[in-house]
Amino acid sequence: MLLAGKVAIVTGGGTGIGKAISGSLVKNGALVAIASRSPSRLEAAAASFKGLDRSLLTLQTDIRKKAQVQKAVEKVLTSWGRIDILVNNAGISGLNRIDDPDDSRWHDIVATNLTGTYLVTKEVLKVMQDHSDGRIINISSVLGKFGVAGYSAYCASKHGLIGLTRALALEVVNRGITVNTICPGWVDTEMARLGIEENAAFGGVSVEEFKRQAIEAVPIKRFLEAEEVANLVCYLASPKTGGITGQAINICGGQTMV
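Counting from 2, one number per residue, gives the positions in the sequence shown under this note's numbering.
(1) With burial defined as no fewer than 16 other Cβ atoms inside 10 Å of the residue's Cβ, what is the status of Asp100: buried or exposed?
(2) Could you spell out where the beta strand (DSSP E) holding Thr12 opens and where it closes?
(3) Would you be able to state if there are at least three C-beta pairs under 8 angstroms between the segment 82-91 and the segment 136-153?
(4) So, at 8 angstroms on beta carbons, what are the nonlocal neighbours of Ser25 in its own chain, with the 5 sequence-adjacent residues on each side left out?
(5) Given a cut-off of 7 angstroms on the beta-carbon distance, is the pair Ala249 and Thr182 in contact?
(6) Which ranges would you report for the alpha helix (DSSP H) in the segment 166-221 if only whole runs of at least 4 residues count?
(7) Three-state secondary structure (DSSP) at Val33?
(8) Give the range of the beta strand (DSSP E) segment to which Asn139 is assigned.
(9) With DSSP as the reference, identify every bridge partner of Val88, one or two as the case may be.
(10) Quick one: Cα of Val111 to Cα of Lys67, how far?
(11) Taking Gly15 and Ile22 to be in contact with their CB atoms under 8 angstroms, please state how far apart those CB atoms are, rounded to whole angstroms.
(12) Spell out a yes or no on whether the segment 166-175 and the segment 203-214 are touching, meaning 3 or more CB-CB pairs, one atom from each, closer than 8 angstroms.
(13) How about Gly196 and Val219: do their beta carbons lie closer than 7 angstroms?
(14) Taking C-alpha atoms, which residue in Thr12, Ile18, Val11, Gly6 lies nearest to Asp189?
(15) Quick check on DSSP: helix, strand or coil for Gln69?
(16) Considering only the beta carbon of each residue, do Leu32 and Val70 sit closer than 7 angstroms?
(17) Rounding to the nearest angstrom, what Cα-Cα distance links Ser37 and Val77 in this structure?
(18) Going by alpha carbons, who is nearest to Ala170 out of Glu199, Thr122, Gly151, Glu191?
(19) Buried or exposed, going by whether 16 or more other CB atoms sit within 10 Å of the CB of Gly186?
(20) Considering Ile270, what are the terminal residues of the beta strand (DSSP E) in which it resides?
(21) Per DSSP, what kind of secondary structure is Leu58 in: helix, strand or coil?
(22) Which value, in whole angstroms, describes the spacing of the CA atoms of Ile35 and Ser49?
(23) Where Thr246 and Lys20 are concerned, what is the direct C-alpha to C-alpha distance, given to the nearest angstrom?
(24) Consider the C-beta atom of Phe211 and the heavy atoms of the ligand NAP; say whether any pair is separated by less than 6 angstroms.
(25) Rank Met2, Ile221, Gly243 by C-alpha distance to the C-alpha of Thr257 and give the top, closest one.
(26) For Leu225, which three-state DSSP category applies?
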């Protein structure tokens, strides 16, 4: 029970990696507020955590909208009185080719992945206690460290999260709060499956062939499980990691070494 008595917010906590993170935090003793803009995903997540009602709070929140973020943070404070851990996991992906005349996907991806993270972090830092093992953990991607054709918005936003992490870590270091980023490679989630289908179509190959190529590019020859990312989040969220801050930590099966 590394996190007994701690209060955490997980954005995008209703599915995929976020859901695994939420579950792992609860199992390690934390009280967890799951934020999502999708009511159905919140309901499904709450149902899957049946029996943990006292440890779980759901927040229907669009993190792109400041007023909704403020309302969500206030709800957590009213319910549990504090916030010790913030996991900025909410994110979306998708192709946005530079020759696409429609700019909406660029704006949506950057607003969700980067600006949304900024808005949530800003509100949480107003109430996070100093010198009480405060933890901010951002979920970036290996695409925050290299580029992929056709994914300029996603790559830009994930690179941006690493820059935000490094600057913010120095800004709050005197408060005893750490800020780190986790950079997953391929993780077996619904988002990854959609990405495989999209990339296969973009590259003119079958879904099966693209997935084979993707796995072949990973030294451990498999995709990660969401629980593996969640375990790393719990470690970084614990009081044991006060000496780790400003880092962008890969969990990618050896896919990238920087």
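Note that the Cβ used here is the ideal one computed from N, Cα and C, for glycine as well.
The model shown is predicted, which means the values in this text are computed figures rather than measured ones.
For this structure:
(1) exposed
(2) 8-12
(3) yes
(4) Glu228, Ala231, Asn232, Val234, Cys235
(5) yes
(6) 191-204, 208-217
(7) strand
(8) 136-140
(9) Val11, Ile138
(10) 15 angstroms
(11) Their Cβ separation, rounded to whole angstroms, is 11 angstroms, which puts Gly15 and Ile22 out of contact at 8 angstroms.
(12) no
(13) no
(14) Ile18
(15) helix
(16) no
(17) 14 angstroms
(18) Thr122
(19) buried
(20) For residue 270 there is no data in the structure shown, the boundaries of the chain being 2 and 259.
(21) strand
(22) 13 angstroms
(23) 24 angstroms
(24) No copy of the ligand NAP occurs in the structure displayed, which carries no ligand at all.
(25) Ile221
(26) strand
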